[in-house]
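The structure appears below as structure tokens.
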Amino acid sequence: MSIAELAPRNVCDIAPYQGGKPIEELAREVGLNPDEIVKLASNENPLGLSPQAQAAIEEAILDVSLYPDGNAFSLRQALSQHYGVRPEQLVFGNGSNDVLELIARAFLTQEDEVIYSQHAFAVYPLVTQAIGAKGVLVPAVEYGHDLDGFLKAITPRTKLIFIANPNNPTGTLLDKIEVLAFLKAVPANVIVVLDEAYDEYLPEAQKSESIAWLEQFENLIVSRTFSKAYGLAGLRVGYGIASAEVIDLLNRVRQPFNVNNIAQAAAIASLRDADFVAKSYALNQAGKVQISQGLSELGLDYIPSFGNFVSFQVANSMAVNQQLLARGVIVRPVSNYDLPDFLRVSVGLFDQNVKFLTALSAIINP
Ligand SMILES: *Cc1c(COP(=O)(O)O)cnc(C)c1O
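Structure (structure tokens):
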């Protein structure tokens, strides 16, 4: 007997999550100095974090011998005011991935079906398979979610629908009117998750109105994160917003101390620093234009992106990725997202984007 046989089939069948290669690892592998390496692989904020968050972290460090506030009282107050929702409408996670997992654990059994899109965020199939529920993949249309296709895929067994808006790794965005019409069409006994990890990177006119929709749809859960525009990816803090009844269920399966005290303090300080988010937004808009134009000049097709990354098509993507690594540029292959001819590059600082484009140019036009 192999020890792995002790785990249920649905667990053995999970494909492990592939993250971006850490800088230190590449430095060891190719013998480069870590300073010469540019990591544009995990949609991290190239500006780092808010100076106010940094100060809050230094203060919170003094309390690490104490358990964190399991109810995240202060962060809850801050977000409740920020969004105009009741404190009971918020649940916190060790990153928003944790919130996605809480949703799966609270609602799914092996009898249930979960709908998500082709090329959608990898965590949806992961949390679905961990429970042993059945994932139903709806083919993408022009790399985006096909919401009509989602409606057609609903069966009496459908319990949960995951929508990434904008989606990672394609960067596609659904129209607000379309999403609202979809919510109206979905039966009330199906939970809909709107994963809005990149909402802060959207232009004002395109920002989600999902928080207002919560009043209308008790089956709606919105998830957001401090990992992207707020620059706190390493601290792991995200949250879900929904009806108090849904949040109560999610809290029952939540580990009581899932968000540490440094993360809570940094999140509160970040939320107050609107200037930092505005700066991050502006840098991302400019960098996205820079990268998109650079790719066009190289004759490469890319998917227009609403996130802080761009997925582009390139022949021999795996070999190109290896050559980028050899030149100290880490991007993300996305073949596990059913996009074998694509690579995803995160928007960096101006000079990092130049380094990426220069390396790519040298590789494809040697
Ligand atoms: C990055 C990302 C998240 C957030 O992950 P965290 O766990 O909050 O760091 C969630 N959804 C999508 C689509 C993402 O790309």
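Counting from 710, one number per residue, gives the positions in the sequence shown under the working numbering. Don't be surprised by glycine CBs; every beta carbon is placed ideally from N, CA and C.
Contact between the segment 780-797 and the segment 1047-1064 (3+ Cβ pairs under 8 Å): No: fewer than three Cβ pairs fall under 8 Å.
Simplified DSSP state of isoleucine 723, which is helix, strand or coil: Here residue 723 refers to the residue found at position 14 of the sequence shown. The DSSP-derived three-state label of isoleucine 723 is coil.
Option nearest alanine 914 by Cα separation, candidates Ser1020, Ala813, Gly949 and Asp884: Translated into the one-based positions of the sequence shown, residue 914 becomes position 205. Between alanine 914 and the set Ser1020, Ala813, Gly949 and Asp884, the nearest pair of CA atoms involves Asp884.
Beta-ladder partner(s) of alanine 873, from DSSP: Position 164 of the sequence shown, counting from 1, holds the residue named residue 873. As computed with DSSP, alanine 873 is found in a beta bridge with Asp904.
Proximal residues to asparagine 1017 (C-beta, below 7 Å), its chain only, five neighbours per side dropped: Here residue 1017 refers to the residue found at position 308 when the sequence shown is read from its first residue. Excluding its 5 nearest sequence neighbours in each direction, asparagine 1017 has C-beta neighbours in its own chain below 7 Å: Asn752, Tyr907, Tyr910, Lys937, Asn993, Ser1055 and Val1056, listed in chain order.
Test item: CB-CB of threonine 879 and isoleucine 977 under 8 Å: Working through the sequence shown from its first residue, we reach residue 879 at position 170. Working through the sequence shown from its first residue, we reach residue 977 at position 268. Result no, Cβ atoms of threonine 879 and isoleucine 977 do not sit closer than 8 Å.
Endpoints, the alpha helix (DSSP H) within which serine 1014 is located: Residue mapping note: residue 1014 aligns to position 305 of the sequence shown, counting from 1. Where serine 1014 is concerned, there is no enclosing alpha helix (DSSP H), because DSSP gives it neither an H nor an E.
Endpoints, the alpha helix (DSSP H) within which leucine 958 is located: Counting from one through the sequence shown, the residue named residue 958 turns up at place 249. Segment 953-961, the alpha helix (DSSP H) holding leucine 958.
N- and C-terminal bounds of the alpha helix (DSSP H) containing tyrosine 833: Here residue 833 is taken as the residue at index 124 of the sequence shown, counted from 1. For tyrosine 833, the enclosing alpha helix (DSSP H) begins and ends at 832-840.
Reference arginine 1036, options Ser826, Leu756, Lys730 and Leu741, closest by Cα: Numbered from 1 along the sequence shown, position 327 holds the residue referred to as residue 1036. The residue from Ser826, Leu756, Lys730 and Leu741 with its alpha-carbon nearest to that of arginine 1036 is Leu741.
Contact check, valine 901 vs isoleucine 863, beta carbons under 8 Å: The count along the sequence shown starts at 1 and reaches residue 901 at position 192. The count along the sequence shown starts at 1 and reaches residue 863 at position 154. Taking 8 Å as the Cβ cut-off, valine 901 and isoleucine 863 do not qualify as a contacting pair.
Any alpha helix (DSSP H) of 4 or more consecutive residues that is wholly inside the segment 743-820: If one requires a minimum length of 4 residues, the alpha helix (DSSP H) runs lying completely within the segment 743-820 are 760-769, 782-792 and 805-816, in chain order.
Check: lysine 937 C-beta below 7 Å from any heavy atom of ligand 1: Your numbering for residue 937 matches position 228 in the sequence shown. Placement of the Cβ of lysine 937 at a distance of less than 7 Å from at least one heavy atom of ligand 1 is found.
Residue from Arg1041, Val1038 and Tyr825 whose Cα sits closest to the Cα of glycine 853: On the sequence shown, residue 853 is found 144 positions in, with the first residue counted as 1. Per the Cα distances, Tyr825.
Presumed contact (8 Å Cβ cut-off) between glycine 728 and isoleucine 1039, rounded CB distance: Sequence index remark: in the sequence shown, residue 728 carries index 19 (1-based). Sequence index remark: in the sequence shown, residue 1039 carries index 330 (1-based). Contact check for glycine 728 and isoleucine 1039: beta-carbon distance about 11 Å, past the 8 Å limit, so the pair fails to qualify.
Residue span of the beta strand (DSSP E) that contains isoleucine 971, given as start and end: Taking the first residue of the sequence shown as position 1, residue 971 is located at position 262. Annotation for isoleucine 971: no beta strand (DSSP E) segment contains it, though the alpha helix (DSSP H) segment containing it runs 970-981.
Three-state secondary structure (DSSP) of lysine 997: Start at 1 with the first residue of the sequence shown, and residue 997 comes out as number 288. Helix, per DSSP.
Same chain, Cβ closer than 6 Å to tyrosine 939, five either side skipped, listed in chain order: One-based indexing of the sequence shown puts residue 939 at position 230. Leaving aside the five residues that flank tyrosine 939 on each side, the residues in its chain whose CB is nearer than 6 Å to its CB run, in chain order, Ser979.
CB contact flag (valine 794, valine 800, <8 Å): Your numbering for residue 794 matches position 85 in the sequence shown. Your numbering for residue 800 matches position 91 in the sequence shown. No, Cβ-Cβ distance for valine 794 and valine 800 is not below 8 Å.
Same chain only: Cβ atoms within 8 Å of glutamine 786, ignoring 5 sequence neighbours per side: By one-based count along the sequence shown, residue 786 stands at place 77. Beyond the five residues adjoining it in sequence on each side, glutamine 786 comes within less than 8 Å, by CB distance, of Pro796 in the same chain, given in chain order.
Neighbourhood of glutamine 838 by C-beta distance below 6 Å, restricted to the same chain and skipping five residues each side: Residue mapping note: residue 838 aligns to position 129 of the sequence shown, counting from 1. Around glutamine 838: Asn719 and Ile723.
N- and C-terminal bounds of the alpha helix (DSSP H) containing glutamate 733: As a working mapping, residue 733 is identified with position 24 in the sequence shown. Glutamate 733 -> alpha helix (DSSP H) spans 732-739.
Within 8 Å, strictly: CB atoms of glutamate 822 and alanine 842: As a first step, residue 822 is located in the sequence shown; it is residue number 113 there, counting from the start. As a first step, residue 842 is located in the sequence shown; it is residue number 133 there, counting from the start. Yes. Within cutoff.
Alpha helix (DSSP H) segment containing lysine 861, residue limits: Taking the sequence shown and counting its residues from 1, one reaches residue 861 at position 152. Per DSSP, lysine 861 belongs to the alpha helix (DSSP H) from 856-862.
For serine 932, the first and last residue of its enclosing beta strand (DSSP E): Working through the sequence shown from its first residue, we reach residue 932 at position 223. Serine 932: member of the beta strand (DSSP E) spanning 929-934, first to last residue.
Proximity test, Cβ basis, 8 Å: alanine 769 and chain C: Given the protein chain composition of this structure (a single chain), no chain C is represented.
Residue ranges of each alpha helix (DSSP H) within the segment 1030-1075, 4 or longer: Counting whole runs of 4 or more residues, the segment 1030-1075 contains the alpha helix (DSSP H) stretches 1059-1073.
Contact under 8 Å by Cβ, leucine 903 with leucine 929: In the sequence shown, counting from the first residue as 1, residue 903 sits at position 194. In the sequence shown, counting from the first residue as 1, residue 929 sits at position 220. For the pair leucine 903 and leucine 929, the CB atoms are nearer than the 8 Å cut-off.
Under 8 Å between C-beta atoms of lysine 988 and leucine 749: Here residue 988 corresponds to residue number 279 of the sequence shown, with the count starting at 1. Here residue 749 corresponds to residue number 40 of the sequence shown, with the count starting at 1. No.
Backbone CA spacing between threonine 1067 and glutamine 761 [nearest angstrom]: By 1-based counting over the sequence shown, the position of residue 1067 is 358. By 1-based counting over the sequence shown, the position of residue 761 is 52. In a straight line, the C-alpha of threonine 1067 is about 35 Å away from that of glutamine 761.
Contact set for glutamine 925: own chain, Cβ-Cβ below 8 Å, skip 5 residues either direction: Counted from its first residue, the sequence shown places residue 925 at position 216. For glutamine 925, where only same-chain residues beyond five positions count, the Cβ hits under 8 Å are Leu892.
Sheet register partners of valine 847 (DSSP bridge): In the sequence shown, the residue the question calls residue 847 occupies position 138. Per DSSP, Ser826.
Whole-angstrom distance between serine 805 and tyrosine 833, CA atom to CA atom: What you label residue 833 is simply residue 124 of the sequence shown in a count that begins at 1. What you label residue 805 is simply residue 96 of the sequence shown in a count that begins at 1. Their backbone Cα atoms lie some 12 Å apart in a straight line.
Runs of alpha helix (DSSP H) wholly within the segment 875-901 (minimum 4 residues, chain order): Every unbroken stretch of the alpha helix (DSSP H) spanning 4 or more residues and falling wholly within the segment 875-901 is given here in chain order: 885-894.
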